[in-house]
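Asks: This is the structure, below, for whatever I ask next.
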Amino acid sequence: MAVVLIGTLDTKGLELGFVRDILRGRGLETLVVDVGTLGPPRIEPDIDRGQVLLAAGTSEAESRSIGDRGTAVTAAARGAAIVLQRLHAAGRVDAVLAIGGGAGTTIGATAMRALPFGVPKVMVSTLASGQVRPFVGGSDIMMLHSVADLAGLNRLTRSVLANAAHAVVGMVSMKVTDAGEGEDRPLIAATMFGVTTPCVDRAREALEAAGYEVLVFHATGSGGEAMEGLIRDRKFAAVLDLTTTELADELVGGILSAGPDRLEAAGRAGLPQVVSLGALDMVNFGPRHTVPERFAHRRFHIHNENVTLMRTTAEECAVIGTRMAEILGRSRGPVVLMLPVGGVSALDVPGGPFHDPAADQALFDAIRGGLAGRSTVELIERPEPINDPAFADEAARALQRIIVS
Numbered sequence: 142m143a144v145v146l147i148g149t150l151d152t153k154g155l156e157l158g159f160v161r162d163i164l165r166g167r168g169l170e171t172l173v174v175d176v177g178t179l180g181p182p183r184i185e186p187d188i189d190r191g192q193v194l195l196a197a198g199t200s201e202a203e204s205r206s207i208g209d210r211g212t213a214v215t216a217a218a219r220g221a222a223i224v225l226q227r228l229h230a231a232g233r234v235d236a237v238l239a240i241g242g243g244a245g246t247t248i249g250a251t252a253m254r255a256l257p258f259g260v261p262k263v264m265v266s267t268l269a270s271g272q273v274r275p276f277v278g279g280s281d282i283m284m285l286h287s288v289a290d291l292a293g294l295n296r297l298t299r300s301v302l303a304n305a306a307h308a309v310v311g312m313v314s315m316k317v318t319d320a321g322e323g324e325d326r327p328l329i330a331a332t333m334f335g336v337t338t339p340c341v342d343r344a345r346e347a348l349e350a351a352g353y354e355v356l357v358f359h360a361t362g363s364g365g366e367a368m369e370g371l372i373r374d375r376k377f378a379a380v381l382d383l384t385t386t387e388l389a390d391e392l393v394g395g396i397l398s399a400g401p402d403r404l405e406a407a408g409r410a411g412l413p414q415v416v417s418l419g420a421l422d423m424v425n426f427g428p429r430h431t432v433p434e435r436f437a438h439r440r441f442h443i444h445n446e447n448v449t450l451m452r453t454t455a456e457e458c459a460v461i462g463t464r465m466a467e468i469l470g471r472s473r474g475p476v477v478l479m480l481p482v483g484g485v486s487a488l489d490v491p492g493g494p495f496h497d498p499a500a501d502q503a504l505f506d507a508i509r510g511g512l513a514g515r516s517t518v519e520l521i522e523r524p525e526p527i528n529d530p531a532f533a534d535e536a537a538r539a540l541q542r543i544i545v546s
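Each residue of the sequence shown is one higher than the last, beginning at 142 in this note's numbering.
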């Protein structure tokens, strides 16, 4: 079993050597990759920085001549990702462990994100106690906070690095095989939010009773990003995308955007998909005081002390509806788009804090107009709100129908 170790050996060589020796002592093969950009390496790499930079289409001489560390780090990250992909394709990667500060974390995490889901990935980082989404994205990277800076070996860094090494030993030695329970069942991706949970849970249960395995993603930006990535990796037979709220955050500037490519992957892959408008009545922010001042006049709902929801306007809903129709209209596989005319979330019902028939109507009208003349998308309009059992049952039936059609 081989563990790839990634680090800047000019500044973190002794620390990575410490990890290497622990892994070797446990009988694991190691491949040390040097992604340093400054001085000479402090331990001998198995893959030197010249090979990494060559994979990125540059060289050490060119990197030094530019004299910009940011450019060098970007090249090292790109090269490390390519090197790691090649090693994985050759069957030489059972796990990856990287260590670093700002530059090392950028390089190591970029390389790890190039690997498929399921390959153990551990990133020991000085940045792991902050906002880690830029590093993790939609991948399954485990980040471990170094607590102290990785500047030499001492009683604290030895403990953290040893824990990371032994975590990798455990992951590799106890690796789950592909032949798990239910692996013969077709896999369906689904999206859910707290305000669409009754709908998605009921549809999931119906699909599971019909012989499918349903993998539910929390539509929190990283959830949608992870789902789109796994769709691109051909992990699913179909998609039940009932909670498309991340489109609102991308448009308006909320904190739970899944990026500009949200909703694209299933159509490009030609997968059967049932899509709805779950939680498009809201944009997500953190605590109330973090909401940008430009939104001060808007309608809010305090979900809890850490989550503030803002109602989407009719104008925003119209843009989202047009965008959805455009994306789904390009799909290469069968698509059913379901409109919950009675409300798109638990908050968007009569008496609810986000009930706004005019905004909903703008969303529905934009979708209807955008799909006019497009026979590739089946439009189903239901009178009930999205969390009504009848809506969930119809969504499950529709997906089964287009899977077998």
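Backbone N, C-alpha and C fix where the C-beta goes; we use that ideal spot for every residue, glycine too.
#1: DSSP state of Thr171, grouped into three classes?
#2: The beta strand (DSSP E) spanning Asn445 covers which residue range?
#3: Quick one: complete beta strand (DSSP E) runs, 3+ long, within the stretch 407 to 436?
#4: Quick check on this structure: which residue in Ile468, Phe505, Pro186, Gly470 has the alpha carbon closest to the alpha carbon of Gly484?
#5: If you compare alpha carbons, which of Gly259, Ala379, Ala202, Gly154 is closest to Val313?
#6: In the structure shown, what three-state DSSP assignment does Ser486 receive?
#7: Pull up the distance between the alpha-carbon of Ala303 and that of Leu297, whole angstroms please.
#8: Quick one: Cα of Ala244 to Cα of Leu164, how far?
#9: What residues in its chain sit with their C-beta under 6 Å from that of Thr149, if we drop five residues either side in the sequence?
#10: I believe Thr332 touches Asp402 by the beta-carbon criterion, under 8 Å. Please report the beta-carbon distance rounded to the nearest angstrom.
#11: Taking only the alpha-carbon atoms, compute the straight-line gap between Ala513 and Leu480 and give it to the nearest angstrom.
#12: May I have the straight-line CA-CA distance separating Leu418 from Arg515, to the nearest angstrom?
#13: For Asp319, name the three-state secondary structure that DSSP assigns.
#14: Of the choices Leu294, Asp290, Lys376, whose alpha-carbon is the least far from that of Ala407?
#15: Give every residue of the same chain whose Cβ lies closer than 7 Å to the Cβ of Ile461, excluding the five residues on either side of it in the sequence, and list them in chain order.
#16: From which residue to which residue does the beta strand (DSSP E) around Met451 run?
#17: What are the complete beta strand (DSSP E) segments, minimum 3 residues, inside the stretch 221 to 292?
#18: Whole angstroms is fine: what's the gap from Ser270's alpha carbon to Val288's?
#19: Skipping 5 residues on each side, what residues in its chain have a beta carbon closer than 8 Å to that of Ile468?
#20: Between Val193, Val214, Ala239, Arg205, which lies nearest to Gly158 when the distance is taken from Cα to Cα?
#21: Grab the span of the beta strand (DSSP E) containing Leu397 for me, first residue to last.
#22: Straight-line CA distance for Asp319 to Asp325?
#23: Taking buried to mean at least 16 other C-beta atoms within 10 Å of its own C-beta, is Arg233 buried or exposed?
#24: Tell me, to the nearest whole angstrom, how far the beta carbon of Arg227 is from that of Ala197; I am working on the premise that it is less than 8 Å.
#25: Which value, in whole angstroms, describes the spacing of the CA atoms of Gly427 and Asn447?
#26: Under DSSP, the beta strand (DSSP E) around Thr338 begins and ends at which residues?
#27: Cβ of Ala399 within 9 Å of Cβ of Glu369?
#28: Counting Cβ pairs closer than 8 Å, one from the stretch 533 to 543 and one from the stretch 343 to 353, do we hit at least three?
#29: Within the stretch 469 to 543, note down every full alpha helix (DSSP H) run reaching 4 residues or more, in order along the chain.
Replies: According to the structure shown:
#1: strand
#2: 441 to 445
#3: 414 to 416, 423 to 426
#4: Phe505
#5: Gly259
#6: coil
#7: 10 Å
#8: 24 Å
#9: Val176, Gly177, Gly245
#10: Incorrect: roughly 15 Å between the Cβ atoms, too far for contact.
#11: 15 Å
#12: 19 Å
#13: Any reading at Asp319 needs caution, since the residue's pLDDT is 47, under 50, leaving its predicted position unreliable; the model's value is listed next. If DSSP states are grouped into helix, strand and coil, Asp319 belongs with coil.
#14: Lys376
#15: Leu388, Ala389, Leu392, Leu421, Leu504
#16: 448 to 452
#17: 236 to 241, 262 to 266, 283 to 286
#18: 8 Å
#19: Leu404, Glu405, Gly408
#20: Ala239
#21: Here Leu397 belongs to no beta strand (DSSP E), and DSSP marks it neither H nor E.
#22: In this predicted model, Asp319 has a pLDDT of only 47, less than 50, meaning its place in the structure is not dependable; the value taken from the coordinates is given anyway. If I take the Cα positions, the gap works out to 11 Å.
#23: exposed
#24: So it is not a contact: roughly 12 Å between Cβ atoms.
#25: 5 Å
#26: Looking at the DSSP string, Thr338 is not in any beta strand (DSSP E); the run it does join, the alpha helix (DSSP H), is 338 to 350.
#27: yes
#28: yes
#29: 498 to 512
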